[in-house]
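Notes to accompany the following structure.
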Amino acid sequence: MSPLSDLRVVELGHALAAPFAGSLLGDFGADIIKIEQPEVGDSLRRMGPHLEHSSVWWSVTGRNKRSICIDFKDPDGLAVVHRLIAEADILVENFRPGVLDRSGLGWEELHALNPGLIYLSISGYGHQGPNSSRPGFGKIAEAFSGATHLTGAADATPVHPGYSLGDATTGLMGAYGVMVAVHARETTGQGQHIDLALYESLMRMIEWQVPLRELQGWEVSRTGNQFPFEDAFLTDICRTRDGHNIVISAATSKSLDAVRSLLLTDGVITDPGASPQEMAPALRDWVAARSQTEAMERLREFDVVVGPVHTSTDIVADPHIAARENLVTVADATGTQIPMPNVIPRLADTPGEVRWAGAPLGHQTDEVLRDAAGLSADEIADLRRRRIVS
Numbered sequence: 009m010s011p012l013s014d015l016r017v018v019e020l021g022h023a024l025a026a027p028f029a030g031s032l033l034g035d036f037g038a039d040i041i042k043i044e045q046p047e048v049g050d051s052l053r054r055m056g057p058h059l060e061h062s063s064v065w066w067s068v069t070g071r072n073k074r075s076i077c078i079d080f081k082d083p084d085g086l087a088v089v090h091r092l093i094a095e096a097d098i099l100v101e102n103f104r105p106g107v108l109d110r111s112g113l114g115w116e117e118l119h120a121l122n123p124g125l126i127y128l129s130i131s132g133y134g135h136q137g138p139n140s141s142r143p144g145f146g147k148i149a150e151a152f153s154g155a156t157h158l159t160g161a162a163d164a165t166p167v168h169p170g171y172s173l174g175d176a177t178t179g180l181m182g183a184y185g186v187m188v189a190v191h192a193r194e195t196t197g198q199g200q201h202i203d204l205a206l207y208e209s210l211m212r213m214i215e216w217q218v219p220l221r222e223l224q225g226w227e228v229s230r231t232g233n234q235f236p237f238e239d240a241f242l243t244d245i246c247r248t249r250d251g252h253n254i255v256i257s258a259a260t261s262k263s264l265d266a267v268r269s270l271l272l273t274d275g276v277i278t279d280p281g282a283s284p285q286e287m288a289p290a291l292r293d294w295v296a297a298r299s300q301t302e303a304m305e306r307l308r309e310f311d312v313v314v315g316p317v318h319t320s321t322d323i324v325a326d327p328h329i330a331a332r333e334n335l336v337t338v339a340d341a342t343g344t345q346i347p348m349p350n351v352i353p354r355l356a357d358t359p360g361e362v363r364w365a366g367a368p369l370g371h372q373t374d375e376v377l378r379d380a381a382g383l384s385a386d387e388i389a390d391l392r393r394r395r396i397v398s
């Protein structure tokens with residue numbers, strides 16, 4: 009049995025942060041009831057390249073979820089949502105603060121309905137503070153947290169990370185917060201509200217920036233591929249002769265000595281006391297004269313910490329990734345086989361599982377209304393006729 013199979017989650021999320029939190033919980037067996045607006049659905053279904061019924065991205069983030077369409081702006085639709093939440097353990101949402109309160113789905117109302125409910129709210133700036141009513145997406149959060157300021161070349165404009173770092177990190181923190189609240193409920197018997205802002209997760213990850221500023225007056229800024237405040241070490245990405253990239257990380261005295269030993273042995277430098285700043289251009293030139301395979305094999309002879317900069321093509325072909333079964337192929341409702349990241353972390357005794365890929369919009373509406381909300385076939389048919397569910 010999956011470790012979270014006794015938990016039921018109602019997800020009112022859209023796009024990425026809250027749906028990613030739901031996806032992580034679903035990976036370990038939680039029953040994720042994904043409530044979407046009829047005909048429209050989650051905006052993630054329309055992002056990026058498409059399959060027959062939705063985007064490729066949705067097929068991954070929507071995995072292990074039961075999709076149900078309810079118009080909860082209609083009083084009868086709202087009543088159905090209330091029935092589902094009354095029997096749920098967790099609600100996950102990422103609407104702007106106040107939206108669900110005005111819709112009859114705010115924390116106070118739902119806590120009265122279900123005192124054991126754990127209510128995860130994800131928003132751009134949280135439910136308190138002068139910015140709380142402002143909209144916020146992942147890229148805004150990355151900038152607000154200080155993460156974007158650290159990314160890119162020292163003499164250039166900051167660069168956004170090429171993926172949804174703010175959303176994904178917050179989804180991870182949200183799932184973590186939910187499990188802490190589930191544990192607390194075992195003692196108190198009560199659910200609680202979790203108020204999580206997108207930028208807060210990244211601030212926690214960059215845990216050193218504020219202490220350095222406040223205690224030492226050190227305003228950390230962009231340093232390209234070098235670690236922001238450790239010029240005693242060497243970290244770089246180097247281009248190989250055959251057009252690949254490798255990353256070298258000499259982040260300890262021992263690993264830095266390994267790089268220095270290689271460069272001295274191969275005659276690239278002559279000064280045994282060469283600094284990381286002096287070694288960096290020599291190392292780039294040394295790598296540029298070799299293929300990726302040649303460079304990494306030689307570096308590893310000296311125990312230099314090195315690795316390839318993988319493309320998605322490299323990931324699919326990598327034997328280590330295959331050996332650890334980091335990718336899994338799952339069929340969607342149309343029978344299309346979709347490769348995607350496997351469940352992590354790898355629990356030895358109670359592992360997670362990708363049971364199905366993201367479902368078509370409303371694919372499990374009748375099933376959920378019958379089994380989770382306790383509606384009869386006639387009641388479901390009436391709601392469908394009135395276009396309250398689909």
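Start counting the sequence shown at 9; every next residue gets the next number (our numbering).
Just so it is clear, CB atoms sit at the ideal spot from N, CA and C, and this is done for glycine as well.
None of the values given here were measured: they were computed from a predicted structure.
Which residue from the options puts its Cα closest to that of residue i?
i: L180; options: A205, A120, T248, I93; result: A205
i: G137; options: R110, E208, K147, G232; result: E208
i: S131; options: T178, S398, L32, R378; result: T178
i: F235; options: P46, E309, P284; result: P284
i: G114; options: E95, N253, G170, H90; result: H90
i: R230; options: L173, T159, R247; result: T159
i: P123; options: G56, N350, S62, G197; result: G197
i: D239; options: D357, S257, G225; result: S257
i: S398; options: H371, L383, A385; result: H371
i: L24; options: L86, Y171, E47; result: Y171
i: P169; options: G146, D386, S51; result: G146
i: A381; options: A87, H22, N139; result: A87
i: V314; options: H201, S320, A149, C246; result: C246
So, for residue i: in the same chain, excluding its five sequence neighbours on each side, which residues have a beta-carbon less than 6 Å away from its beta-carbon?
i: G70; result: G366
i: D203; result: S129, G134, H135
i: V376; result: I41, R74, I76
i: K81; result: none
i: S153; result: Y207, L210, M211
By the three-class DSSP mapping on this structure, what secondary structure does residue i have?
i: E286; result: helix
i: V324; result: helix
i: L206; result: helix
i: G174; result: helix
i: Q300; result: helix
i: H252; result: coil
i: E222; result: helix
i: H61; result: coil
i: V313; result: coil
i: E117; result: helix
i: P27; result: helix
i: S131; result: strand
i: A408; result: No statement about residue 408 is possible, as the shown extent of the chain runs from 9 to 398 and does not include it.
Quick one: is residue i buried, meaning 16 or more other Cβ sit within 10 Å of its Cβ, or exposed?
i: I352; result: exposed
i: G191; result: The question names Gly, but residue 191 is His in the sequence shown. The residue in question, H191, is exposed, as its Cβ has fewer than 16 Cβ neighbours within 10 Å.
i: M287; result: buried
i: R53; result: buried
i: H328; result: exposed
i: T243; result: buried
When you compare the CB positions of residue i and residue j, do they come within less than 8 Å of one another, or not?
i: P166; j: T156; result: yes
i: L15; j: D35; result: no
i: A249; j: A296; result: The question names Ala, but residue 249 is Arg in the sequence shown. Going by C-beta atoms, R249 is nearer than 8 Å to A296.
i: D374; j: I396; result: no
i: A162; j: G232; result: yes
i: I126; j: G30; result: no
i: E60; j: T344; result: yes
i: G49; j: L369; result: yes
i: P316; j: L335; result: no
i: Q45; j: D97; result: no
i: S10; j: G37; result: yes
i: M304; j: I346; result: no
i: N72; j: W294; result: no
Can you list, in chain order, the residues of its chain with a C-beta nearer than 8 Å to that of residue i? Leave out the 5 residues immediately preceding and following it.
i: L32; result: G179, L180, A183
i: A26; result: E19, L20, V100, E101, N102, L128, I130, G179, G182
i: D84; result: L391, R394, I396
i: V312; result: I256, A258, S263, A266, V267, L270
Tell me which residues share the same chain as residue i and place their Cβ nearer than 7 Å to its Cβ, disregarding the 5 neighbours each side in the sequence.
i: V228; result: L158, Q217, L220, P236, F237
i: G56; result: S63, V64, W65
i: S299; result: T248, R249, D250
i: F28; result: T69, D175, A176, G179
i: E333; result: N350
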